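Just below is one structure, and these are the notes that go with it.
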Amino acid sequence: MDAAQRTSRDGADVVVDVVVVGAGFAGLYLVHRLRGVGLSVRAVEAGSGVGGTWYWNRYPGARCDVESLEYSYSFDEALQQEWEWTERYAGQPEILRYLDHVADRFDLRRDITFDTRVTAARFDEDTDRWTVRCDTGLGLSARFVVMATGCLSSTNRPDVPGRDTFRGGVHHTGEWPHEGVDLTGQRVGVIGTGSSAIQAIPVIADQAAELVVFQRTANYSVPARNAPLDPEHVGRVKADYAALRAANRRMSAGFGGWNPPPAGGALEADPGDRRRVYTERWERGGFGFLGGYTDLLITPESNDTAAEFVRERIREIVRDPAVAELLSPRQVIGCKRLCLDSGYFETFNRPHVRLVDISGSGIEEITPAGVRAAGEEFELDVIVFATGFDAMTGTLLKIDLQGRDGRTLRDEWAAGPRTYLGLGVPGLPNLFIVTGPGSPSVLTNMVTSIEHHVDWITECLEHLRAIGCTRIEADDRAADAWVAYVNSVADMTLFPTCNSWYLGANVPGKPRVFMPLPGFTAYADRCAAVAASGYEGFVLGPAPAG
Ligand code: NA7
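Numbers in the working numbering are just positions in the sequence shown, counted from 1, shifted up by 674.
As structure tokens, this is what we get:
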């Protein structure tokens, strides 16, 4: 039965089987997939269009750091054959065009409500249904809610003294004005040197009269070597696209199935061979740099061989030795997400670009005229906050989610996110999270993880329908065991050794918990085993009486 034909429940404007929150890569595929198995679905999206991350992140130079032939849906052979990516790494406008195309091609927009933000949802134990409330007053009733809210969708705007006194323009990379910002001839300050800043800085430097970069922590970056795609390479991939997708699903990060395999442990190789491996991978560009050896994220001494190789390249590229030294990261390489760049370090050789070390006392103050830092005042016309996101949990916790017995997500996660498989939360029945904390998520090619989760959730809902169940909930003990497992895996790696957003360390007061689970393949096998066992670790409930 079509959603619109149903009688309203509890005064809800929309009554469906499933409410999906968000219309990015995950939300779009959910609408398509759930519809395909005969479930009625409504997606609610805060933006005026589809795209999620790629709708909001329009800063200069915004580009994906996973190759376009891999960072794309695999669920439809005709789609992946017909879409023509132009570059090795797609820029934001091209990815948004792709997602618009997907929305049109599969007629998804008719089941998406735009310009509407979900503010609250409450589970009714008598009916096993959620009531969902939105900022526009829209109310929805659904058996299931799927949070396709993205991992990097709540911006982190540090509470710097005087932040609102600045007379010029202030923009965050993650909420960049859609009409663009003309930085020609402007004095621009960029706060932050994460992935967004590293992509934006060379492009901003081309436009600005002066560029001041405020760096709290130096970051590793390897060349992207972005270029137009070679038609022969595309032809070879498309001749057997399924093989690449299958190979990627057996990779621990869900991509890179075409890269040469690692050459064993880094310390087992002699220094000459190691240098050759790093040089080849540096020249090829991309994340494959960290795939040279198996132990780079396990053994500190191995990691340091790769880290030192990058520091050498920085010293080679940057002419001023003092600036090169400041740009040279000291933490474990790969501990914070590795960045890919197009001329980042080279930009600091330009006479109008200045690097300011704020590792000591941070940004001291924002004044009407600019920024005070490192004991100096910098007069600026525009300040760019490239300060990242309240990652993985921020957006979920902004929504007032209340499950059974008054249990709320905010209470459940007060000490850090607690999920089972990253998919379900105890106390919140019939609610699923796509690429949630406790799943490989941001450590992988997001599209691989999204497709995996959407398929798993869809098959789960089909199963519940087949056996006549109206309720599924992650078991408390299963969630505790899962959190312990995620921590134990993370503790085997070097990930917990630095202040990354994976740990929530970038947001003051956020519980310090390593949120994603390293290793896509083992995780996918575990999810398959859980499904095959009849959803072990979840409690399945019968239909409520009446
Ligand atoms: P990131 O990677 O979180 O980077 C944010 C940057 O902003 C980073 O250099 C931070 O320094 C810096 N930062 C954050 N807060 C402050 C304050 N208060 N003062 C000064 N500097 C600050 O976000 P991005 O948007 O670049 O990238 C996010 C992901 O998007 C990326 O990993 C890819 O997956 C795509 P810090 O290192 O914390 O000292």
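Even for Gly, the Cβ is constructed at its ideal location relative to N, Cα and C.
Just so it is clear, the structure is predicted and the values come from calculations on it, not from any experiment.
I want to check one thing, is the minimum distance from the CB of N830 to the heavy atoms of ligand 1 below 7 Å? Correct: N830 has its Cβ closer than 7 Å to ligand 1.
Taking Q1076 as part of the beta strand (DSSP E), name the residues at either end of that continuous run. Membership of Q1076 in the beta strand (DSSP E) is indicated by the continuous run D1074 to Q1076.
Would you kindly check if the distance between the Cβ of F1019 and the Cβ of I1057 is under 8 Å? At least 8 Å separates the beta-carbon of I1057 from that of F1019.
If you run the structure through DSSP and keep just helix, strand and coil, what is H706? Here H706 sits in helix by DSSP.
So R949 packs on A940, CB below 8 Å; how close in whole Å? About 11 Å separates the CB atoms of R949 and A940; that is not less than 8 Å, and the two are not in contact.
Straight-line Cα distance separating P1100 from I1073: The alpha-carbon atoms of I1073 and P1100 are separated by roughly 17 Å.
If we count the other Cβ atoms within 10 Å of its Cβ and call it buried at 16 or more, is V792 buried or exposed? Only buried fits V792, as 16 or more other CB atoms lie within 10 angstroms of its CB.
Just checking my contact of Q755 with S748 at CB under 8 Å: how many whole Å lie between their CB atoms? A Cβ-Cβ distance of about 11 Å is found for the pair Q755 and S748, leaving them out of contact under the 8 Å criterion.
So what does DSSP say about V688, is it helix, strand or coil? Reduced to three states, the DSSP call for V688 is strand.
Taking all protein chains shown into account, do 16 or more other C-beta atoms lie within 10 angstroms of the C-beta of H775, making it buried, or fewer, making it exposed? Residue burial annotation: H775 is exposed, with fewer than 16 other C-beta atoms found within 10 angstroms of its C-beta.
Going by DSSP, what residues sit across from I804 in a beta bridge? Per the sequence shown, the amino acid found at residue 804 is Trp instead of Ile. In DSSP, W804 forms a bridge with F797 and A816.
Using 7 Å as the cut-off, classify the Cβ of R890 as near or not near the heavy atoms of ligand 1, replying yes or no. Checking the Cβ of R890 against ligand 1 gives yes.
CB-CB under 7 Å to V1108, same chain, minus the five flanking residues each way: which ones, in chain order? Correct list, in chain order: A700, V820, M821, A822, I1124, H1127 and V1128.
Would you mind working out which of E849, A874, V834 and G1208 sits nearest L857, comparing C-alpha positions? Comparing Cα positions, the closest option is A874.
Does M1166 pass the burial test, meaning 16 or more other C-beta atoms within 10 Å, or should it be called exposed? By the neighbour-count rule (16 or more Cβ atoms within 10 Å), M1166 is not buried but exposed.
What separation, rounded to the nearest whole angstrom, lies between the Cα atoms of R910 and W757? When rounded, the distance between both Cα atoms is 15 Å.
How about the stretch 858 to 865 and the stretch 1046 to 1060: do they share at least three Cβ pairs that are nearer than 8 Å? Touching, yes, given that three or more Cβ pairs across the two stretches are closer than 8 Å.
Could you check whether the Cβ of S1002 sits closer than 7 Å to any heavy atom belonging to ligand 1? Every heavy atom of ligand 1 is 7 Å or more from the Cβ of S1002, so no.
Let me check you understand the geometry: is the CB of L857 closer than 7 Å to at least one non-hydrogen atom of ligand 1? Taking the Cβ of L857 as the reference point, every heavy atom of ligand 1 lies at 7 Å or farther away.
Let me confirm a value: D1199 is counted as buried when at least 16 other C-beta atoms fall within 10 Å, else exposed. Which label applies? Counting every other CB atom within 10 Å of its CB across the protein chains shown gives D1199 a total below 16, marking it as exposed.
R1092 in three-state terms, based on DSSP: Per DSSP, reduced to three states, the secondary structure at R1092 is coil, with no helix or strand assignment.
Straight-line gap, G1220 to A1206 (C-alpha atoms, nearest Å): In this predicted model, G1220 has a pLDDT of only 42, less than 50, meaning its place in the structure is not dependable; the value taken from the coordinates is given anyway. Looking at the two C-alpha atoms, the distance is approximately 30 Å.
If you run the structure through DSSP and keep just helix, strand and coil, what is E1053? E1053 falls in the strand class under three-state DSSP.
Y1176: buried (16+ other C-beta within 10 angstroms of its C-beta) or exposed? Of the other Cβ atoms in all chains shown, 16 or more fall within 10 Å of the Cβ of Y1176; this residue is therefore buried.
Select from L1135, A1140, A1203 and F1212 the residue whose C-alpha is nearest the C-alpha of D1150. Of all alpha-carbon atoms in L1135, A1140, A1203 and F1212, the one lying nearest the alpha-carbon of D1150 is that of F1212.
Pick from V1187, V887, Y745 and A764: whose alpha carbon is nearest that of R1024? That would be V887, whose Cα lies nearest to the Cα of R1024.
Do Q860 and D1055 count as a contact pair if the criterion is CB distance below 8 Å? Yes.
Cβ contact (3+ pairs, closer than 8 Å) linking the stretch 802 to 818 and the stretch 684 to 692: With the cut-off at 8 Å, the stretch 802 to 818 and the stretch 684 to 692 touch.
When you compare only the Cα positions, how much space is there between E744 and R919? In this structure, the CA atom of E744 is about 8 Å from the CA atom of R919.
Contact belief for L826 with A1164 at Cβ below 8 Å, rounded distance in angstroms: The C-beta separation of L826 from A1164 comes to about 19 Å, leaving the pair out of contact by the 8 Å criterion.
Assign P934 to one of two classes, buried (16 or more other C-beta atoms within 10 Å of its C-beta) or exposed (fewer than that). Looking at its Cβ environment, which holds fewer than 16 other Cβ atoms inside 10 Å, P934 is exposed.
Assuming F1194 and T1132 are in contact, meaning their beta carbons sit under 8 Å apart, how far apart are those beta carbons, in whole angstroms? Incorrect: roughly 19 Å between the Cβ atoms, too far for contact.
Below 7 Å CB to CB, which residues in the same chain sit around C738 once its five sequence neighbours on both sides are set aside? Apart from sequence neighbours up to five positions away, the residues of its chain that approach C738 with a beta-carbon distance below 7 Å are Y745, Y763, A764 and I769, ordered along the chain.
For V1006, the three-state DSSP class (helix, strand or coil): Coil at V1006, not helix or strand.
Decide if the stretch 998 to 1015 is in contact with the stretch 882 to 901; the criterion is three or more beta carbon pairs, one per stretch, under 8 Å apart. Verdict: yes, contact present.
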